[in-house]
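*Asks:* Take this structure first; my questions come after.
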Amino acid sequence: MRPLRAVVLSAAVAAVTITAVPLFSPASAAAGADTIKGDRATVRDAPARLVLANARNGDPVEVQAYCGEWVRINVDPPHVMSTPIGWVLRSHLTRASQSGGLDGVPERCGSDTTRWRDWVGAINAPFRSLRKVDGLWRRITFGTGVNLLQTPECVPSLNYTRRSSAPDVVDPAQRVPGLDTSKVSFRYVTTDGSIALVSAPPPGADYGVWSFVPSSCLQPKNREHVYFDEPVVQLEDLSGLHGGTGYPDSTIRSRGCSAALLSPTRPRFGYWPDPEPANRPPCPV
Numbered sequence: 221m222r223p224l225r226a227v228v229l230s231a232a233v234a235a236v237t238i239t240a241v242p243l244f245s246p247a248s249a250a251a252g253a254d255t256i257k258g259d260r261a262t263v264r265d266a267p268a269r270l271v272l273a274n275a276r277n278g279d280p281v282e283v284q285a286y287c288g289e290w291v292r293i294n295v296d297p298p299h300v301m302s303t304p305i306g307w308v309l310r311s312h313l314t315r316a317s318q319s320g321g322l323d324g325v326p327e328r329c330g331s332d333t334t335r336w337r338d339w340v341g342a343i344n345a346p347f348r349s350l351r352k353v354d355g356l357w358r359r360i361t362f363g364t365g366v367n368l369l370q371t372p373e374c375v376p377s378l379n380y381t382r383r384s385s386a387p388d389v390v391d392p393a394q395r396v397p398g399l400d401t402s403k404v405s406f407r408y409v410t411t412d413g414s415i416a417l418v419s420a421p422p423p424g425a426d427y428g429v430w431s432f433v434p435s436s437c438l439q440p441k442n443r444e445h446v447y448f449d450e451p452v453v454q455l456e457d458l459s460g461l462h463g464g465t466g467y468p469d470s471t472i473r474s475r476g477c478s479a480a481l482l483s484p485t486r487p488r489f490g491y492w493p494d495p496e497p498a499n500r501p502p503c504p505v
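To convert a position in the sequence shown, counted from 1, into my numbering, add 220.
Have a look at this one:
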């Protein structure tokens with residue numbers, strides 16, 4: 221895994237080095253200064269995509285760009301984060317959430333969509349995917365339900381530390397106690413296999429808190445594996461396909477279908493998110 225990660229990491233670092241260069245002239249630098257409001261803000265690899273870390277209330281940030289309601293920031297945190305660079309919702313920023321708060325900030329969409337490659341070793345399902353349930357194919361729009369070991373080390377944390385010469389570790393100073401651990405969903409395991417991203421709600425809440433646990437804490441829930449046991453496919457075209465609706469084999473075949481590829485390094489935790497099309501197994505229908 222290490223040689224593969226080194227290659228991917230070097231490419232990702234190069235990309236981040238380019239995009240992390242300040243986008244503002246000295247005259248406009250003050251306009252990019254902002255802070256996180258609310259108890260936390262998920263920091264994502266691209267607008268509305270995978271969670272990489274959590275920024276926290278009061279964290280100072282530099283606003284770099286925006287894309288719709290998403291804003292690219294560089295955080296200067298007083299706490300551990302796996303990456304300080306990513307996208308948060310505009311509503312989670314003190315200044316940018318106000319009218320005119322993004323004046324002078326450039327619009328840049330689509331420039332970070334491959335950053336997940338440096339973070340994700342396996343995922344509960346690949347992008348643009350469906351699984352077969354009771355003979356019909358259904359879009360996967362949620363994490364796989366899992367059980368967590370009930371130990372102090374398995375209490376979720378808002379952030380973790382990435383290390384180049386040792387396994388990644390959860391930050392014990394940012395634990396999130398009191399979450400409903402009977403409703404935990406698994407999203408992905410990191411490239412070195414040590415950390416898993418999960419979601420669990422506070423008791424009685426209808427939303428989940430994205431947080432991190434050691435991957436050894438995850439146990440399958442009502443299934444053989446941590447990830448989906450059912451067949452999973454990737455489609456080239458998802459237009460018009462809705463969550464909660466079952467589709468027949470004929471619909472799948474007509475949309476550029478291929479089978480999902482189990483992670484070559486973390487098969488217990490699921491699929492490789494976006495393998496090269498030529499490497500994907502043929503469509504199973």
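The beta-carbon is built from N, C-alpha and C at its ideal position, and this holds for glycine as well. Just so you know, these numbers come straight off a predicted model, no measurement behind them.
#1: For residue 273 versus residue 344, is the C-beta distance shorter than 7 Å?
#2: Given this structure, state the Cα-to-Cα distance separating residue 488 from residue 351, to the nearest angstrom.
#3: Would the beta-carbon of residue 492 fall within 7 Å of that of residue 271?
#4: Which same chain residues end up closer than 8 Å to residue 241 when comparing Cβ atoms and leaving out the 5 residues on each side of it in sequence?
#5: Does residue 394 pass the burial test, meaning 16 or more other C-beta atoms within 10 Å, or should it be called exposed?
#6: At which residue ranges does the stretch 369 to 442 contain complete beta strand (DSSP E) runs of 3 or more residues, listed in the order of the chain?
#7: For residue 252, name the three-state secondary structure that DSSP assigns.
#8: Per DSSP, what kind of secondary structure is residue 499 in: helix, strand or coil?
#9: Quick one: grab the DSSP three-state call for residue 483.
#10: Using only CA atoms, which one of 469, 263, 407, 317 lies nearest to residue 252?
#11: Quick one: what's got a C-beta closer than 6 Å to residue 367's C-beta in the same chain, skipping five residues either side?
#12: Going by C-alpha to C-alpha distance, which of 463, 261, 334 sits closest to residue 310?
#13: Please go through the stretch 276 to 344 and give each complete beta strand (DSSP E) segment of 3 or more residues, from N-terminal end onward.
#14: Could you spell out the range, first to last residue, of the alpha helix (DSSP H) harbouring residue 470?
#15: Does the Cβ-Cβ distance between residue 433 and residue 376 come in under 7 Å?
#16: Cα-Cα, which of 412, 413, 396 is closest to residue 511?
#17: So, residue 356 versus residue 466, is the Cβ gap smaller than 7 Å?
#18: With distance defined between alpha-carbon atoms, name the residue in 354, 402, 365, 414 nearest to residue 385.
#19: For the beta strand (DSSP E) that contains residue 257, what are its first and last residues?
#20: May I ask you to list the residues that DSSP assigns as paired with residue 492?
*Replies:* Per the coordinate set shown:
#1: no
#2: 17 Å
#3: no
#4: Per-residue confidence for residue 241 stands at a pLDDT of 36, beneath the threshold of 50, marking its modelled position as unreliable; the derived number appears in the next sentence. Counting only Cβ-Cβ distances below 8 Å, and skipping sequence neighbours, we find nothing.
#5: buried
#6: 404 to 410, 415 to 420, 429 to 434, 438 to 440
#7: helix
#8: helix
#9: coil
#10: 317
#11: 439, 441
#12: 261
#13: 280 to 287, 290 to 295, 305 to 309, 340 to 343
#14: 469 to 473
#15: yes
#16: No answer is possible for residue 511: it lies beyond the span of the chain, which begins at 221 and ends at 505.
#17: yes
#18: 414
#19: Premise fails: residue 257 is in no beta strand (DSSP E) and is neither H nor E.
#20: According to DSSP, which records beta bridges pairwise, residue 492 is partnered with nothing at all.
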